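Q: Residues 0 to 150, numbered by numbering that gives the first Met the number 0, are exactly what the sequence shown covers, in order.
Have a look at this one before I ask anything.
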Amino acid sequence: MVLKIRSKKAQAWSLDVVVAIVIFMAGVIILYVYAINYVNQGGQQLDDLLYQGNTAAELLLGDDELGLVSNGKINQDKLNDFYASDYKLKKMRLGVKDDFYFILQNLEVNGTLVGYAGLMNSTAVKNSIKVSRFSVYKNKPIKFQIYVWRN
């Protein structure tokens with residue numbers, strides 16, 4: 000009579016499959032957790048920039064001491080004073096932690112046309128936002144745009 004010897008190769012193979020599935024699932028879970036946290040972090044940074052931009056726009060277009068507006072129009076004297084002041088002081092007074100600049104159509108300071116007021120970003124930036132408002136400058140309706148950006 001011939002005796003058959005049973006092989007246990009199938010049991011070892013099934014153990015390999017179980018280990019592979021566990022490793023694969025752990026990788027998927029780690030990737031999922033990382034992706035969720037990465038998206039939330041980027042969203043928080045943009046929300047922070049947007050908050051700073053909206054706050055700065057409201058303050059600059061306000062009719063108070065810090066604002067550039069008098070009687071519903073952008074006041075040229077206030078604009079000249081703001082442009083001449085120190086950039087770090089501007090940031091502190093506006094409550095902006097990151098860098099910013101604003102653009103007005105035909106922006107004129109002390110009789111000279113300038114393109115912007117603030118610190119223009121000269122390199123590629125990670126995050127930036129633009130907040131637009133409408134105002135009156137030189138008796139014409141204009142678009143006021145403030146950019147807040149972070150490297």
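Every residue gets a Cβ at the ideal spot worked out from N, C-alpha and C, and that includes glycine.
Keep in mind it's a predicted model, so treat the numbers as computed, not measured.
Indicate the three-state DSSP secondary structure (helix, strand or coil) for Y115 in the structure shown.
A: Working through the sequence shown from its first residue, we reach residue 115 at position 116. Y115 falls in the coil class under three-state DSSP.
Q: Taking D47 as the reference, give the member of V17, R92, S127, S13 with the closest Cα.
A: Residue 47 sits at position 48 when you count from the first residue of the sequence shown. If we check each option's Cα against that of D47, S127 comes out closest.
Q: Looking only at its chain, what residues have a beta carbon closer than 7 Å to the beta carbon of L125, apart from the 5 residues adjacent to it on each side?
A: Taking the sequence shown and counting its residues from 1, one reaches residue 125 at position 126. It is Lys, not Leu, that sits at residue 125 in the sequence shown. If we look at K125 and ignore the five residues flanking it on each side, its Cβ neighbours are R149, N150.
Q: Would you grab the beta carbon distance between F143 and F101 for me? Rounded to a whole angstrom, and I think it's under 8 Å.
A: For the purposes of this step, residue 143 is identified with residue 144 of the sequence shown, where counting begins at 1. For the purposes of this step, residue 101 is identified with residue 102 of the sequence shown, where counting begins at 1. Going by Cβ atoms, the distance from F143 to F101 rounds to 7 Å, so yes, they are a contact pair.
Q: Distance, Cα to Cα, Y86 vs V113?
A: As a first step, residue 86 must be located in the sequence shown, where it is residue number 87. As a first step, residue 113 must be located in the sequence shown, where it is residue number 114. About 16 Å.
Q: Mind checking F23: buried by the 16 CB within 10 Å criterion, or exposed?
A: The residue you call residue 23 lines up with position 24 of the sequence shown. Exposed.
Q: From Y146, G71, Y136, P140, pick the residue whose C-alpha is nearest to that of K90; which is it?
A: Taking the sequence shown and counting its residues from 1, one reaches residue 90 at position 91. Of Y146, G71, Y136, P140, the residue nearest in Cα terms is Y146.
Q: I73 and V135: beta carbons closer than 8 Å?
A: Taking the first residue of the sequence shown as 1, we reach residue 73 at position 74. Taking the first residue of the sequence shown as 1, we reach residue 135 at position 136. In this structure, V135 lies closer than 8 Å to I73 by Cβ.
Q: Going straight from the alpha carbon of L30 to that of V21, what length do you get?
A: Looking up residue 30 in the sequence shown gives position 31. Looking up residue 21 in the sequence shown gives position 22. Roughly 14 Å separates the two Cα atoms.
Q: Tell me the rounded alpha-carbon separation between A25 and A56.
A: Taking the first residue of the sequence shown as 1, we reach residue 25 at position 26. Taking the first residue of the sequence shown as 1, we reach residue 56 at position 57. Going from the Cα of A25 to the Cα of A56 covers about 47 Å.
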